[in-house]
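Reading the sequence shown from the start, the letters are residues 513 to 942 in this note's numbering.
For each residue, glycine too, the CB sits at the ideal point set by N, CA and C.
First comes the structure, then the notes that go with it.
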Amino acid sequence: MLKRLLSALLATLLTFSLAGCQENDLNIPDGQTGTDDFQKNLHQTDKLSFLETDAGYYFSWSSLYYLDKDTMKVTEVCGKPDCDHTDDAICNARIHADYLLTGGERIYYIGYDHDPKTVGSVKYDATGRETVQELKFNEFSASQSSYDQAIYHRGYVYYISDDILYRVKLGGEKDSAEEIWKPEDAGSAQAHAGGMIDFNPNAIHYTLWADGDTLYFMANVQASDGTYKDVLFQCGLNGSDVKQIWVTPGAEDVGEWEKTGVSVSQWYIMDGYIYFFLAGNGLWRTELSSGKNEKLAETSEKTQYGSAIFSDDYMCLVNDYPVLFYGYTEPQPGGMFRYYGDTIFVYGLDGEFKKEIPLGGLYEDPAEMAQIDLLFCSGNEVYFLTTGMSLLEGAGPYAGLTGHKGDINLCRADIETGEVEMIYTLREGT
């Protein structure tokens, strides 16, 4: 009898325990897997870091979040009952990541709050967190110029330290990192008495890329005329045969644009072509083997300024442009004007115009929508952020002129239907 009572009591306690877990269930499908290849369509924004699995997307915004593809529900990936997701030492979701790198059945990331830099790993439900490896960094590598970014592709992590491009096998020893390429003046930071550090004024900022069996990196380097130009390099995945294959075209080749002859607005590499957007000019592509430039679409009339993202299927533009605020009548340094966009324009990779998606319907008052940041395009969906803006009322000469930010919302647009929706509020306005 006593054993039966104890068994019944244990069963009851287990039932309550399971009920508590279910109330805090993450609702993340089991068996999530990610690709071992670099997810290039997710790697075009510095606003959030994304990775895609078969059932959804993970992204980093101070914490780790999951977006379900079917339900569009966003979940903070923690799962602990009664957790308020604010304590780094307790909350599973509090993963401060510069870059999310997906491979197989785990999420890998490089944290910005670690010294030395490490690659961390968690399961897709954010449990089982562990440090996978420490990355080799040169002295003074805490500087921005020393640590630009990292990518993961086919079992290797590629990263920068003091202008030197390295690769190391995921889970490998720190000293096994291989040097792929470095400029002549790499790592010239110097320490002085009192702890002051002078960093290399010519520090090179990279964008790393991988497409199949090829590694690419875009480096902003100083040209013979003293200007800094975006230059594209290519090599094998093991760093062999590094060569320059493309440089920002000049006005004599493609015409004028916002940053004529210096840099492109956005770019994307696929199947031996670099696709790029020149704000105020149009959408272009260059065949990397021949250097032949081809204008795909004239966009300047609709997107005199604008920003872009690409995928293997689409080129998407938003028509953002400078709008003065804070009461200034002339543009001022330090960001005294904002960018305002209200429409996404979608093109195929052949330049054919596909869709015009107005965004004003996201807000009751379209004027509240101060800024659009394109994030990525996957399948027939475009994901983007909207930042609201409202004006302070008051007396005096600056009444109604001083703006403050409203909500920051994660949004989605359907290319086929043209429907737009807010998915999740990342930050409530102040």
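Beta-carbon proximity list for residue i, same chain, < 6 Å, skipping 5 on both sides
i                 : result
isoleucine 781    : Trp721, Asp723 and Tyr728
arginine 924      : Glu893, Tyr895, Glu933 and Ile935
glutamate 636     : The sequence shown places tyrosine at residue 636, not glutamate. Cβ within range, chain order: Gln544.
phenylalanine 865 : Tyr859
serine 633        : Arg618, Tyr620, Glu642 and Val644
asparagine 944    : For residue 944 there is no data in the structure shown, the boundaries of the chain being 513 and 942.
tyrosine 875      : Met881
aspartate 877     : none
glycine 767       : Asn793
Member of the options whose CA lies at the smallest distance from the CA of residue i
i              : options                           : result
glycine 853    : Lys867, Gln883 and Phe865         : Gln883
isoleucine 821 : Ile607, Ser801 and Val776         : Val776
asparagine 553 : Asp824, Gly863, Asp753 and Asp742 : Asp824
glutamate 928  : Arg939, Asp862, Ile856 and Leu887 : Ile856
glutamate 940  : Thr565, Glu931 and Leu922         : Leu922
threonine 630  : Lys686, Thr899, Tyr570 and Thr811 : Lys686
threonine 898  : Glu880, Glu813, Ile619 and Asp926 : Glu880
valine 644     : Arg618, Gln661, Gly546 and Arg666 : Arg618
alanine 646    : Gly891, Val680 and Leu579         : What sits at residue 646 in the sequence shown is glutamate, not alanine. The shortest C-alpha separation from glutamate 646 is found at Val680.
methionine 584 : Cys603, Ile540, Asp753 and Thr739 : Ile540
Where residue i falls: helix, strand or coil (DSSP)
i              : result
serine 688     : helix
glutamate 940  : coil
glutamate 813  : coil
leucine 682    : coil
alanine 925    : strand
proline 878    : helix
glycine 873    : helix
asparagine 793 : coil
lysine 867     : strand
lysine 552     : helix
aspartate 737  : coil
histidine 717  : coil
leucine 727    : strand
serine 673     : strand
isoleucine 540 : coil
aspartate 825  : coil
asparagine 805 : strand
8 Å CB neighbourhood of residue i in its chain, flanking five on each side removed
i                 : result
proline 695       : Asp675, Ile716, Ala731 and Val733
proline 713       : For proline 713, the predicted model reports a pLDDT of 49, less than 50, meaning its position is unreliable; a value from the coordinates is still stated below. Cβ within range, chain order: n/a, list empty.
phenylalanine 755 : First, the residue type needs correcting, since residue 755 is lysine and not phenylalanine in the sequence shown. Contacts found: Phe745, Gln746 and Cys747.
leucine 808       : Tyr787, Gly794, Leu795, Trp796, Arg797, Met827, Tyr859, Leu861, Asp862 and Gly863
Near the ligand GTP: residue i beta-carbon under 7 Å from a heavy atom
i             : result
glutamate 876 : The ligand content of the structure shown is nil, which means the ligand GTP is not present either.
Whole-angstrom C-beta distance between residue j and residue i, which should lie under 8 Å
i                 : j                 : result
tryptophan 779    : tyrosine 785      : Actually they are not in contact, since the Cβ atoms of tryptophan 779 and tyrosine 785 sit about 10 Å apart, beyond 8 Å.
glycine 616       : aspartate 548     : 7 Å
isoleucine 869    : glycine 773       : So it is not a contact: roughly 32 Å between Cβ atoms.
aspartate 678     : glutamate 690     : One detail in the question is off: residue 678 reads as tyrosine in this sequence, not aspartate. Confirmed, Cβ separation roughly 6 Å.
leucine 945       : alanine 638       : Within the shown structure, residues of the chain are numbered from 513 to 942, placing residue 945 beyond reach of any answer.
leucine 829       : phenylalanine 888 : Actually they do not touch by this definition, with Cβ atoms about 14 Å apart.
leucine 938       : threonine 557     : Wrong, their Cβ atoms sit about 14 Å apart, outside the cutoff.
serine 673        : phenylalanine 649 : 4 Å
alanine 567       : aspartate 580     : 7 Å
phenylalanine 562 : leucine 613       : About 11 Å; that fails the 8 Å criterion.
glutamate 770     : glycine 792       : 5 Å
phenylalanine 550 : isoleucine 692    : So it is not a contact: roughly 15 Å between Cβ atoms.
Cβ-based neighbour list, residue i, same chain, cut-off 7 Å, excluding 5 preceding and 5 following
i              : result
tryptophan 758 : Leu744, Ile786, Thr798 and Leu800
alanine 705    : Note on alanine 705: pLDDT 44, under 50, position unreliable in the model; the coordinate value appears next. Closer than 7 Å at Cβ, skipping near neighbours: no residue.
threonine 760  : Lys741, Asp742, Gly773, Val774, Ser775 and Val776
alanine 605    : Ser575, Leu576, Glu588, Val589, Cys590, His597 and Ala638
proline 909    : Its pLDDT being 42, under 50, proline 909 is placed unreliably by the model, and the measurement read from it follows with that caveat. Here the set comprises nothing.
query: Fully enclosed by the segment 750-783, which beta strand (DSSP E) runs are 3 residues long or longer?
result: 755-759 and 778-782
query: What runs of the beta strand (DSSP E), each 3 residues or longer, lie entirely inside the segment 555-635?
result: 561-564, 568-573, 575-580, 586-588, 609-615, 618-623 and 630-634
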